[in-house]
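Chains as they are written, first to last, in this note's numbering: chain A, 1 to 116; chain B, 1 to 510.
The C-beta atom is built at its ideal place from N, Cα and C for all residues, glycine as well.
Below you'll find the structure, written out as structure tokens, and then a few comments.
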């Protein structure tokens, strides 16, 4: 079973994504900020990460940079899910950028594609 | 035009001779044999000199002459009289007469008398002309003074040392009658001239200079003013003084600030709103799938989330309305226990959902308070929500509790204490928490909640004390007067709201 790490500071959205992914046959783990996210990524070795950009403390792009510096993590695909409308450039190497509120089917198809 | 002379003499022969003599000198001469003939003549003529024999001891002529002098003060009287009556004539007529002649009148004496009368006439006319000019000038001056005073600007005239030499009414109203003191003292409450002074620049080059300044009135109010200067020159063309005209554009600036902050708000709202809509999507998804699977637990959880999110979106919309529209509070007496119960019900739903304990200690017999129940409740719920959030975000502890105490401390006031053992605030957050659009909650905060809650409390004449320590928690103590304040500390007119952005003296939000 493929595992997805959800990094978002809003527990309601984390809850939503967890349910959505688990309903569709993925395992999940989650983190509420950048530090927690990095620790979880190392520990859980997820196959894919969804990343919010705006969080208390350090923001999403910093998570991506630190993750890219780690050999064990840098090849994990990242999907940015954020409230910013022009976020394509914030994390250049993300496989996709979705704007909240996102389209459920679109997200699932991107996830499916990325994990194929 | 010939000068008209009226000749009054009973002695026809004498009158005839004088008339001929005067007519030869280009005077227009009218003759009257008795005082009775005179009034008619006078009404139709523009006589300037009256040459008369009073014909004493009969005094009719004397009365007539006095009357003429009274109604036509410009008319010059020359009296001719028999030697023995001259003293009496002088006694009766005194200074009303320009010259006294002894009868029979000799031509040299008559010439002199007429010349003197004409000199007087010329002088009188001159004086009258000057009087008229002077009056016109005074009217003009009054008009300019009136214009100066009524212009809806602050006008001051300053010398080279920036001392005020004249100020208009509006200036006096807002900055005091401060002739002789220095511009920089009066406008800026400072001890030395300002940098980049437009008045100094105008003294330098004789040209008008515009600037925008912030000045402080005698009552301590700050105004934004748009200032223009103009040189005042003497007859040699040198600039001796400078006039400074300042238009008060404070309202304009405030409106601009309000619009700017509305723009900022829409940006901030749309971001916060997106997070809420996503969470609402999540709730709806779980409700859908829960119903499809007949999963009771999922349905009830999802329903809780949908409820919470619609509540938040509702609050956000209310906050926008509160901010965007100037509205008066509608006070009514409210039973404190009932209001507190409603606040607690709201807070309990949020606390339960997030697994936070809620402890309430509400004193008995709290009585009534005069508030706008809608806004006061919303403000208190906002403080409770913030406390719950502070616990939810705190990952350093397992157990979290929000305490809500309401009691009567005496002094006709009511105290609300909201205490949490959540994440606490650092100094920066503590200083900024009431600031518009400040949020420590990332995408979930709009930066409006505490800003508005703070305003609502202050509008009700209340005070807020905050104690907070990182990792330990936060304690808000809100004290409200039981009665509606006579003068609310703040009114929620748009321009006042905008000030919240400008000063950092402690207002503002979630």
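Interface with chain B (8 Å Cβ-Cβ cutoff): residue 12 of chain A is included.
If you look at residue 335 of chain B, you'll find it in the beta strand (DSSP E) that goes 332-335. Under the three-state reduction of DSSP, residue 158 of chain B is assigned to strand. Look at residue 87 of chain B here: in three-state DSSP terms it is helix.
Residue contact check for residue 281 of chain B against chain A: a CB pair falls below 8 Å. Taking a cut-off of 8 Å on C-beta distances, the region 369-376 of chain B touches the region 326-342 of chain B, as three or more cross pairs fall below it. Under a 10 Å Cβ-count criterion, residue 210 of chain B is classified as exposed, with fewer than 16 other Cβ atoms of the shown protein chains found around its own Cβ. Neighbourhood of residue 271 of chain B in chain A, by CB distance below 8 Å: 54, 83 and 84, in chain order. According to the DSSP assignment, residue 451 of chain B belongs to the alpha helix (DSSP H) that extends over 449-459. Cβ contact annotation for residue 367 of chain B (same chain, cutoff 7 Å, sequence separation greater than five): 336, in chain order. When B:313, B:451 and B:106 are compared, the shortest CA-CA separation from residue 271 of chain B is found for B:313. Under the Cβ distance rule, residue 287 of chain B does not count among the residues neighbouring chain A, no pair being separated by less than 8 Å. Look at the beta carbons and you see the region 113-126 of chain B not touching the region 207-222 of chain B: under three pairs across the two are nearer than 8 Å.
If you keep only unbroken alpha helix (DSSP H) runs of at least 4 residues inside the region 243-300 of chain B, you get 250-293.
Counting the other CB atoms within 10 Å of its CB gives residue 82 of chain A a total of 16 or more, which places it among the buried residues. For residue 113 of chain A, no beta strand (DSSP E) segment is defined; the enclosing uninterrupted segment is the alpha helix (DSSP H) at 104-115. At least one CB of chain B lies nearer than 8 Å to the CB of residue 20 of chain A.
If the five residues before and after residue 97 of chain B are omitted, its C-beta is found closer than 6 Å to the C-beta atoms of 77 and 79, all from its own chain and listed in chain order. Beta bridge pairing from DSSP links residue 29 of chain A with A:5.
Around the Cβ of residue 52 of chain B, a 10 Å sphere holds 16 or more other Cβ atoms; the residue is buried. For residue 15 of chain A, the nearest CB of chain B lies under 8 Å from its own CB, placing it at the interface with that chain. Taking C-beta separations shorter than 7 Å and ignoring five residues to either side along the sequence, the partners of residue 484 of chain B in its chain run 331 and 370, following chain order.
Collapsing the DSSP output to three states places residue 373 of chain B in a helix. Distance from residue 48 of chain A to residue 79 of chain A at the Cβ level is roughly 7 Å; contact confirmed, criterion being Cβ atoms closer than 8 Å. Contact between residue 229 of chain B and residue 199 of chain B holds, with the beta-carbon distance rounding to 6 Å and staying under 8 Å.
Taking 3 residues as the shortest admissible run, the region 158-240 of chain B contains the following complete beta strand (DSSP E) segments, listed from N- to C-terminal end: 164-167, 210-216 and 222-233. Taking 4 residues as the shortest admissible run, the region 16-61 of chain A contains the following complete alpha helix (DSSP H) segments, listed from N- to C-terminal end: 34-44. Residue burial is scored here from C-beta neighbours: residue 100 of chain A has at least 16 other C-beta atoms within 10 angstroms and is therefore classed as buried.
Taking the Cβ atoms as the reference, residue 32 of chain B lies roughly 7 Å from residue 6 of chain B, within the contact range of under 8 Å. In this structure the region 87-104 of chain B does not lie against the region 149-165 of chain B, because fewer than three pairs of beta carbons, one per stretch, are closer than 8 Å.
Using a Cβ-Cβ cut-off of 9 Å, residue 277 of chain B is close to 100 and 101 of chain A, given in chain order. Residue nearest to residue 65 of chain A within the set A:35, A:11 and A:109 is A:35 (criterion: CA-CA distance).
For residue 23 of chain B, the CB contacts under 6 Å within the same chain, skipping 5 residues up- and downstream, are 29 in chain order.
DSSP places residue 361 of chain B inside the beta strand (DSSP E), whose first and last residues are 357-362.
Between residue 274 of chain B and chain A, the shortest Cβ-Cβ separation is below 8 Å.
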